[in-house]
Structure formats: C-alpha cells, structure tokens
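Take 243 as the starting number for the sequence shown in the working numbering and just add one per residue. No residue lacks a Cβ here, since even glycine has one placed at the ideal position from N, Cα and C. Being a predicted model, the structure only gives us computed values, none of them experimental. What follows is one structure encoded as structure tokens, with my remarks underneath.
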Amino acid sequence: MSGLLFFWLSWMYWVFLTFLMPKNKYRTGLSCWLLLTIITSNIYFGFSRMTLAGVVFVLLTGGIIWMVKLKRIFSHSLNSFLVMIAFATSHLWEANLPILYLLPMCIFTPFVITLIIAFLTKHITSQLIICIVGMTFGDFLFQYILIGYGLPVVIGGMAFLDEMLVTVVLISFLHILVRIRNKTGSIINYHLTRWQNE
Numbered sequence: 243m244s245g246l247l248f249f250w251l252s253w254m255y256w257v258f259l260t261f262l263m264p265k266n267k268y269r270t271g272l273s274c275w276l277l278l279t280i281i282t283s284n285i286y287f288g289f290s291r292m293t294l295a296g297v298v299f300v301l302l303t304g305g306i307i308w309m310v311k312l313k314r315i316f317s318h319s320l321n322s323f324l325v326m327i328a329f330a331t332s333h334l335w336e337a338n339l340p341i342l343y344l345l346p347m348c349i350f351t352p353f354v355i356t357l358i359i360a361f362l363t364k365h366i367t368s369q370l371i372i373c374i375v376g377m378t379f380g381d382f383l384f385q386y387i388l389i390g391y392g393l394p395v396v397i398g399g400m401a402f403l404d405e406m407l408v409t410v411v412l413i414s415f416l417h418i419l420v421r422i423r424n425k426t427g428s429i430i431n432y433h434l435t436r437w438q439n440e
C-alpha cells in the first residue's frame, strides 16, 4: 500500500501548481520538477545489496538548485543536516518507540520533522527545501546504516516518498494556519482601533 499517499498528494499538488497558481517561471519550474518526480518514482537502479530509486536524483538536483537560488546556502545546508539526522534517528528508534502503537510511522515521522523545521525557519520556501533535501539525505543515511548490517535496502522507496509528501502537506497546512491567524489578527486590530477612535 506504500506509495498511494505519494501519488495522491503529488497529483493534487501538481494540479494546484499547474492550473491554480499564477503563470510565471517559478510555477512552471515547480510543476515540471514535481511531474519529473512522479515519473521517476518507479525507476530503480540495482547494485549489490542496494536499490536506488531514480527519484532521489531528481529530488536532490532540484532541491540543490532551489537552495542555491534562495541564497542563504550555509543556513539551509545546516538546517538540512539537522533534518537529515532527525529523520534517520526517528527511523532507527522506530522499533523501540511506544508512541508507534498509537500513530503509524508515516504520520509520526512527518509530524516530528514538521515541528523541527517550523522551529528552524519561518519562510515556506525555506521550510520546503530543507524538508526535501534533509529528508532525502536522511533516507541515504538510514539506509547506509542498514547496509552495514547486511540488509538489502531501497533508497528513495515508496514509503520514504509517502513520508516526504505528508511532511510537505503538514508544512503547507501550518503555513496556511499562520496566514489565517495573521489575517484574523490584523482584521481584529483594525476594528479595535476604529472603535477606539469613534
């Protein structure tokens, strides 16, 4: 069943980017990157004990290009490193966490990563790029640790893509909530000052 969340959410995002956002180069680049991610999600390259998904190259290439365009490369790299460690650690503790009896891993890890990213930066574009690059490298790190135990691994598999897209949705939802709160606060302040002046 893994991969259903990824395809469902990514197609929803693609429709939103393609048909509902204003036309500009930013929208075109994002929708092409997302479509390329969807296309390469089922392409795999096999090595000795490791299988590498083609989507990893697309995510990292697009993520690094996006990171360079955002300028603050050192800050984004450091934040992505922290997300990488958090992602790998949450998967290493997966078997020992009693919370997983209440929440599935595809919900628990994105929730934790979203909280960490929300504390690291406030801008939605920075949060998304840190999420994508950090979680992709985190999957590399986690699978590399498993290779050390002689286990066959899949880097960038469907379970990882599910977790990444759920994290992107949570970040977007958090951003929408913050905008609603700010808009509501400004409307209330406007009416309060108007009533005080009357």
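- Contact between S283 and F248 holds: their C-beta atoms lie close to 7 Å from each other, under 8 Å.
- Judged by DSSP in its simplified three-state form, M263 adopts coil rather than helix or strand.
- Distance check between P346 and each of Y386, M254, V297 and D404 places D404 closest, using alpha-carbon atoms only.
- A residue is called buried once 16 or more other Cβ atoms fall within 10 Å of its Cβ, and V410 is buried on that count.
- For the stretch 368-400, there is no continuous alpha helix (DSSP H) assignment of 4+ residues that stays within its boundaries.
- Rounded to whole angstroms, the separation of the alpha carbons of K313 and G392 is 40 Å.
- When beta bridges are read from the DSSP output, T293 appears opposite G288 and V396.
- For T363, no alpha helix (DSSP H) segment is defined, and its DSSP state is neither H nor E.
- Bounds of the alpha helix (DSSP H) holding F316 are I315 to L334.
- The stretch 352-367 makes no contact with the stretch 255-262; the number of CB pairs closer than 8 Å stays below 3.
- DSSP, reduced to helix, strand and coil, places P346 outside both helices and strands of the structure shown, so it counts as coil.
- Judged by DSSP in its simplified three-state form, L277 adopts helix.
- Distance from the CA atom of M292 to the CA atom of M400, rounded to whole angstroms, is 15 Å.
- In terms of Cβ geometry, L278 and W256 do not form a close pair [threshold 7 Å].
- Just so you know, the alpha carbons of T331 and H433 end up roughly 48 Å apart.
- By the neighbour-count definition (other C-beta atoms within 10 Å, threshold 16), P352 is a buried residue.
- Between the stretch 372-380 and the stretch 422-433, the count of C-beta pairs closer than 8 Å stays below three; the two stretches do not touch.
- In this structure, DSSP gives G304 a helical state, which the three-state scheme calls helix.
- Per DSSP, L251 is one residue of the alpha helix (DSSP H) stretching across L246 to V257.
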